[in-house]
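Asker:
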Amino acid sequence: MWVEPTKKGKYKFTERFTDPLTGKYRRVSVTLDKDTPQSRKQAQKALAEKIRQAESGEPDKITLGELVEKYREEQQKTIKASTYARNYSACNSIMDILGSDIIVGRMNAGYIREALLATGKEPVTLNEFLTRFKALMRWGYRNDYVSDISYLDKLEKFKDTPHRVKIEGKFLEASELSDLLYGMKVKKWRDLTEFLALSGLRFGEAAALDLPDVDLKSRIIHVSKTYDSAHDIVTSTKTSTSTRDVYMQEQLYQLCRRLKAERLSDSIVLQMTVAFFPGSKRERIEFDCYAKYLRENSERIIGRRITPHTLRHTHASLLMEQGIDIDTISRRLGHADSRVTREIYLHVTRRLKEKENKELKYIKLL
């Protein structure tokens with residue numbers, strides 16, 4: 001057994017043994033607060049039990065914390081950094097709620113549900129935890145760390161407000177958008193706001209654009225990647241359908257033509273290729289700075305706070321008001337299924353119908 005200090009000031013005790021299935025060396029470890037003769041004895045006992053479990057093939061003796069550690073080891077090698085970071089945080093929350101030292105084979109649906117409800121968090125948050133927990137346990141089952149996960153079928157999602165209800169009001173009318181753009185004094189943020197509202201791109205998709213991605217000749221914006229601002233890296237798009245070509249209608253074309261001319265001028269001065277939306281400190285524009293500016297200025301100008309994603313909702317609703325069909329909007333937004341678009345923007349259809357009814361109310365045909 002050997003001991004290594006961790007970055008958090010604790011001590012990791014590790015032992016090596018021969019895996020009876022493969023004949024190869026494997027390691028088991030346990031982390032304790034101190035490195036004392038007493039803690040060494042405690043570590044030796046815990047490591048011996050882990051080796052016994054591994055050699056006897058008892059999958060359900062593994063703790064939740066141990067399962068998460070193994071899960072992360074694989075995820076770190078197989079998924080994007082942004083996804084790994086999100087799952088890492090979710091697993092931390094799950095361990096806080098359920099207990100990292102609980103034996104996974106002893107958990108059941110009742111315990112999971114009661115523990116989640118005891119947090120007092122909103123249904124949408126609980127459902128996110130539940131989704132990640134199920135993914136974790138199914139991974140454990142596929143890799144023979146858990147022998148029975150049949151109870152997962154009993155864990156139904158917590159009732160939440162439908163998505164279409166939650167986004168009621170989370171879009172701008174055309175007049176509000178005009179007022180917002182007119183009142184924004186910082187040019188780069190005003191340009192980005194106009195671009196997002198006219199294109200429907202997600203912030204990450206816009207931030208990942210390079211000059212060649214904006215093809216003025218064909219009037220096409222090639223969306224093939226997204227920017228992970230948390231890790232300052234460009235990665236693949238959110239889903240396969242998110243990779244798409246977005247046509248530039250006249251207003252968007254004129255905006256992109258001006259912006260590209262400015263970027264090309266910048267690139268000549270700097271003697272380097274710049275992102276379509278360059279940042280002040282990084283190569284690409286910063287999400288946190290923009291979100292803060294947009295939040296504060298929307299409240300000042302139109303009386304309510306909005307987020308960058310509000311502009312995506314706004315784009316879709318304005319297209320729908322212009323009579324663009326739902327499938328076209330869905331493809332333009334990069335949604336995997338037009339039913340998603342139809343559900344989210346159902347309120348726009350209802351509003352248009354109410355407007356039509358008002359127009360018809362006093363019409364006399366005879």
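Residue numbers (the numbering used here): 1 to 366.
Virtual Cβ for every residue (Gly too), placed ideally from N, Cα, C.
Computed from a predicted model, the values in this text were never measured in an experiment.
(1) If distances are taken between C-alpha atoms only, which option among V30, A336, K10 comes closest to M1?
(2) Return the bridge partner residues of E194 from the DSSP annotation.
(3) According to the neighbour-count rule (16 or more other Cβ atoms, all chains shown, within 10 Å of its Cβ), is Y71 buried or exposed?
(4) Going by the beta-carbon positions, is the gap between R219 and M248 smaller than 8 Å?
(5) Apart from the five residues on each side of it in sequence, which residues of its chain come closer than 7 Å, Cβ to Cβ, to D232?
(6) Any idea what DSSP makes of Y11, helix, strand or coil?
(7) Taking the straight line between their C-alpha atoms, what separation do you get for S280 and F133?
(8) Please report the Cβ distance between K157 and N108, rounded to the nearest whole angstrom; I am assuming they are in contact, meaning their Cβ atoms lie under 8 Å.
(9) Let's see if you can read the secondary structure: which residues bound the beta strand (DSSP E) around L116?
(10) Straight-line CA distance for V36 to R27?
(11) According to DSSP, is A208 part of a helix, a strand, or is it coil?
(12) Quick one: Cα of K292 to Cα of S240, how far?
(13) Is L47 closer than 8 Å to Y145 when the C-beta atoms are compared?
(14) As an exercise, report each continuous alpha helix (DSSP H) stretch of at least 4 residues that is fully enclosed by the segment 115 to 162, in chain order.
(15) Under a three-way DSSP split, which group does I306 fall into?
(16) Roughly how many angstroms separate the alpha carbons of Q271 and E194, rounded to a whole number?
(17) Hey, how far is the Cα of R244 from the Cα of I221?
(18) Could I get the ranges of all uninterrupted alpha helix (DSSP H) runs contained in the segment 57 to 87, with 4 residues as the minimum, in chain order?
(19) Could you spell out where the beta strand (DSSP E) holding Y247 opens and where it closes?
(20) Just curious, the beta strand (DSSP E) that E4 is in, first and last residue?
(21) Helix, strand or coil for Y371 per DSSP?
(22) Suppose the cutoff is 8 Å on Cβ atoms and the five residues either side in sequence are ignored; what does the same chain contact list for L196 look like?
(23) Roughly how many whole angstroms lie between the Cα atoms of M137 and Y111?
(24) Taking S100 as the reference, which of T83, E69, L116, K80 has the closest Cα?
(25) Counting C-beta neighbours from all protein chains within 10 Å, is the total for G120 16 or more, i.e. buried, or is it exposed?
(26) Roughly how many whole angstroms lie between the Cα atoms of L201 and V234?
Answerer: This is what the structure holds:
(1) Start at 1 with the first residue of the sequence shown, and residue 1 comes out as number 1. Comparing Cα positions, the closest option is V30.
(2) Against the sequence shown, residue 194 aligns to sequence position 194. Answer by DSSP bridge pairing: none, since E194 is not bridged.
(3) For this step, residue 71 is matched to residue 71 along the sequence shown. By the neighbour-count rule (16 or more Cβ atoms within 10 Å), Y71 is buried.
(4) Working through the sequence shown from its first residue, we reach residue 219 at position 219. Working through the sequence shown from its first residue, we reach residue 248 at position 248. In this structure, M248 lies closer than 8 Å to R219 by Cβ.
(5) Position 232 of the sequence shown, counted from the first residue, corresponds to residue 232. Excluding residues up to 5 positions away in sequence, R282 lie with their Cβ nearer than 7 Å to the Cβ of D232 in the same chain.
(6) On the sequence shown, residue 11 is found 11 positions in, with the first residue counted as 1. Secondary structure of Y11 (DSSP, three-state): strand.
(7) As a working mapping, residue 280 is identified with position 280 in the sequence shown. As a working mapping, residue 133 is identified with position 133 in the sequence shown. In a straight line, the C-alpha of S280 is about 39 Å away from that of F133.
(8) For the purposes of this step, residue 157 is taken as residue 157 along the sequence shown, with counting starting at 1. For the purposes of this step, residue 108 is taken as residue 108 along the sequence shown, with counting starting at 1. Not quite, the Cβ-Cβ distance comes to about 18 Å (not below 8 Å), so this is no contact.
(9) One-based indexing of the sequence shown puts residue 116 at position 116. It is not in any beta strand (DSSP E) - L116 instead sits in the alpha helix (DSSP H) that spans 109 to 117.
(10) On the sequence shown, position 36 is the one that residue 36 refers to. On the sequence shown, position 27 is the one that residue 27 refers to. Looking at the sequence shown, residue 36 is not Val but Thr. Distance from the CA of T36 to the CA of R27, rounded to the nearest whole angstrom, comes to 22 Å.
(11) The residue given as residue 208 occupies position 208 in the sequence shown. It is coil, neither helix nor strand.
(12) Numbered from its first residue, the sequence shown carries residue 292 at position 292. Numbered from its first residue, the sequence shown carries residue 240 at position 240. So the two alpha carbons sit approximately 30 Å from each other.
(13) Here the question's residue 145 lines up with position 145 in the sequence shown. Here the question's residue 47 lines up with position 47 in the sequence shown. Pairing Y145 with L47 gives a Cβ-Cβ distance that is not under 8 Å.
(14) Taken in chain order, the unbroken stretches of alpha helix (DSSP H) that lie wholly in the segment 115 to 162 and span 4 residues or more are 123 to 142.
(15) Along the sequence shown, read from residue 1 onward, the residue named residue 306 stands at position 306. It is coil, neither helix nor strand.
(16) Start at 1 with the first residue of the sequence shown, and residue 271 comes out as number 271. Start at 1 with the first residue of the sequence shown, and residue 194 comes out as number 194. Below a pLDDT of 50, predicted positions are generally treated as unreliable, and Q271, at 49, falls in that range; the measurement from the model is reported next regardless. Those two C-alpha atoms are separated by around 28 Å.
(17) Translated into positions along the sequence shown, residue 244 becomes position 244. Translated into positions along the sequence shown, residue 221 becomes position 221. In this model, R244 and I221 are separated by some 8 Å (Cα to Cα).
(18) As far as the segment 57 to 87 is concerned, its whole alpha helix (DSSP H) runs of at least 4 residues are 64 to 78.
(19) As a first step, residue 247 is located in the sequence shown; it is residue number 247 there, counting from the start. That run of the beta strand (DSSP E) goes 244 to 247.
(20) One-based indexing of the sequence shown puts residue 4 at position 4. E4 -> beta strand (DSSP E) spans 2 to 5.
(21) Any question about residue 371 goes unanswered here, given that the chain covers just 1 to 366.
(22) What you label residue 196 is simply residue 196 of the sequence shown in a count that begins at 1. Counting only Cβ-Cβ distances below 8 Å, and skipping sequence neighbours, we find F203, A206, P308, L311, R312, H315.
(23) For the purposes of this step, residue 137 is taken as residue 137 along the sequence shown, with counting starting at 1. For the purposes of this step, residue 111 is taken as residue 111 along the sequence shown, with counting starting at 1. Each residue's alpha carbon lies about 15 Å from the other.
(24) Reading the sequence shown from its first residue, position 100 is the one you call residue 100. Out of T83, E69, L116, K80, E69 has the C-alpha closest to the C-alpha of S100.
(25) Position 120 of the sequence shown, counting from 1, holds the residue named residue 120. Exposed.
(26) Along the sequence shown, read from residue 1 onward, the residue named residue 201 stands at position 201. Along the sequence shown, read from residue 1 onward, the residue named residue 234 stands at position 234. Going from the Cα of L201 to the Cα of V234 covers about 15 Å.
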